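Numbering (the numbering used here), first residue to last: 3 to 385.
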């Protein structure tokens with residue numbers, strides 16, 4: 003499946019001149035790649051090598067020149083990777099495909115922008131050279147691989163055509179990929195999480211192939227799989243298809259205690275509780291939808307804690323208050339009915355206000371100008 007590279011090719015690279023995480027040379031990268039290319043490597047050794055490569059060439063999603071050099075060998079390792087290790091290898095390739103530059107996290111201190119950008123660009127180009135091999139993963143017999151593979155392929159399709167080898171620039175790949183998912187892969191896929199990954203791909207190909215939105219709307223009407231319905235609605239909302247997405251998303255958030263358990267963190271684009279994703283999505287809706295969204299927001303607030311304030315309480319407050327601050331001098335008279343309801347629901351959740359978590363107080367003050375002292379809230383709300 004992978005493009006043929008050998009141990010000899012690996013040894014022809016001067017890894018000591020390449021960089022990796024923690025300002026170290028990349029000689030240990032070559033050592034771990036050699037393990038991946040050795041047919042006799044056992045599962046435990048193979049998995050350990052992958053773990054070390056994650057830390058060295060894809061630390062926090064950062065791309066290095068050693069990352070680019072490693073890509074052909076990682077793709078080649080797919081041919082004989084132990085089954086138990088294959089999902090990890092595909093996740094590593096997916097992390098690399100995301101191509102997040104070091105600059106994105108440390109712009110204030112990083113001084114080698116041109117070099118870093120070149121590493122990112124070269125890394126994406128190196129992955130493109132293995133595109134045909136990577137698409138084989140979409141039908142891999144291992145569920146976890148099929149969950150990861152659409153994310154990997156979609157990340158490549160989402161990059162500018164400038165990153166694509168010439169042979170791939172005029173192949174209408176987005177359309178072909180979307181049609182393959184909708185006509186071939188989705189109808190026969192037995193695993194719910196894999197179907198969610200295919201939905202993610204359809205949502206992101208829609209930026210270049212708008213007919214993907216029609217496919218998603220049809221899927222939303224036809225599927226009874228609640229995970230797929232929620233993922234489909236999230237992707238439709240991303241494209242401002244609010245009328246289609248509203249009911250599935252608000253219903254899911256109203257039942258957040260149940261829907262939180264529908265997902266797990268193995269979905270490569272998804273982390274944390276589902277309700278965080280739902281709040282984020284619904285907070286992007288036009289303000290005219292507030293009355294329809296408000297009951298769902300209240301359920302999220304009831305499930306919140308001080309530790310989740312920044313992920314669900316603050317986005318809700320931004321949406322409801324639309325940038326306005328609370329005017330304590332006006333009291334309840336200065337609040338709309340929805341603002342009163344939101345603040346009373348927050349006050350009623352004893353896990354939010356009056357905690358020693360300083361950033362919670364700062365977040366509330368920055369958002370609505372109201373510190374998290376319960377006596378202040380009590381006086382404001384007339385409780």
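Glycine included, C-beta positions come from ideal geometry on N, C-alpha and C. Model, not experiment: these values are computed from the prediction.
| query | result |
| --- | --- |
| If you run the structure through DSSP and keep just helix, strand and coil, what is residue 27? | strand |
| Looking at the unbroken alpha helix (DSSP H) that takes in residue 256, where does it start and where does it end? | 244 to 256 |
| If you drop the 5 nearest sequence neighbours on each side, which residues of the same chain put their C-beta closer than 7 Å to that of residue 317? | 281, 282 and 285 |
| Would you mind sorting residue 171 into buried or exposed? The rule is 16 or more other CB atoms within 10 Å of its CB. | exposed |
| Are the CB atoms of residue 256 and residue 301 nearer to each other than 8 Å? | yes |
| Which of helix, strand or coil does DSSP assign to residue 307? | coil |
| The alpha helix (DSSP H) spanning residue 179 covers which residue range? | 175 to 182 |
| Reducing DSSP to helix, strand and coil, say where residue 86 ends up. | coil |
| Report the option in 145, 287, 382 and 189 whose CA atom is closest to the CA atom of residue 235. | 287 |
| Exposed or buried, residue 146, counting other C-beta atoms within 10 Å across all chains shown (16 or more means buried)? | buried |
| Per DSSP, residue 21 forms a beta bridge with which residues? | 27 |
| Could you tell me the boundaries of the alpha helix (DSSP H) in which residue 135 lies? | 133 to 137 |
| If you run the structure through DSSP and keep just helix, strand and coil, what is residue 399? | Residue numbering for the chain in the displayed model covers 3 to 385; residue 399 lies beyond these limits and cannot be assessed. |
| Could you give the residue range of the alpha helix (DSSP H) that holds residue 363? | 360 to 370 |
| Does the distance from the CB of residue 80 to the CB of residue 94 come in under 8 Å? | no |
| Do three or more CB pairs link the segment 312 to 328 to the segment 373 to 380 at distances below 8 Å? | no |
| Do the segment 184 to 200 and the segment 121 to 135 touch if we need at least three Cβ pairs shorter than 8 Å? | no |
| Where residue 223 and residue 320 are concerned, what is the direct C-alpha to C-alpha distance, given to the nearest angstrom? | 31 Å |
| Within the same chain, show all residues whose beta-carbon is closer than 7 Å to that of residue 365, passing over the 5 residues directly before and after it, in chain order. | 311, 312 and 316 |
| When you compare only the Cα positions, how much space is there between residue 64 and residue 22? | 9 Å |
| Output needed for residue 18: all residues of its chain with C-beta closer than 8 Å, excluding positions within five of it in sequence on either side, in chain order. | 27, 28 and 29 |
| Are the CB atoms of residue 49 and residue 83 nearer to each other than 8 Å? | no |
| According to DSSP, is residue 14 helix, strand or coil? | coil |
| Contact check, residue 72 vs residue 59 under 8 Å by CB: the rounded distance? | 6 Å |
| Which stretch, first to last residue, makes up the alpha helix (DSSP H) that contains residue 207? | 194 to 207 |
| Quick one: grab the DSSP three-state call for residue 44. | coil |
| For the alpha helix (DSSP H) containing residue 66, name the first residue and the last one. | Careful: residue 66 lies outside any alpha helix (DSSP H) and carries neither H nor E. |
| Would DSSP call residue 271 helix, strand or coil? | coil |
| Can you tell me the Cα-Cα spacing of residue 132 and residue 270, whole angstroms? | 20 Å |
| For residue 328, which residues from the same chain have a beta carbon less than 6 Å from its beta carbon, with the 5 sequence-adjacent residues on both sides left out? | 370, 371 and 372 |
| DSSP state of residue 54, grouped into three classes? | helix |
| Relative to the alpha-carbon of residue 69, which residue among 35, 47 and 85 has its alpha-carbon at the smallest distance? | 35 |
| Let's see if you can read the secondary structure: which residues bound the alpha helix (DSSP H) around residue 279? | 276 to 284 |
| Residue 182 and residue 227 - do their beta-carbons sit closer together than 8 Å? | no |
| Residues in the same chain with beta-carbon distance under 8 Å from residue 57, minus the five sequence neighbours each way, listed in chain order, please. | 23 |
| Closest to residue 297 by CA distance: which of 258, 143, 155 and 330 is it? | 258 |
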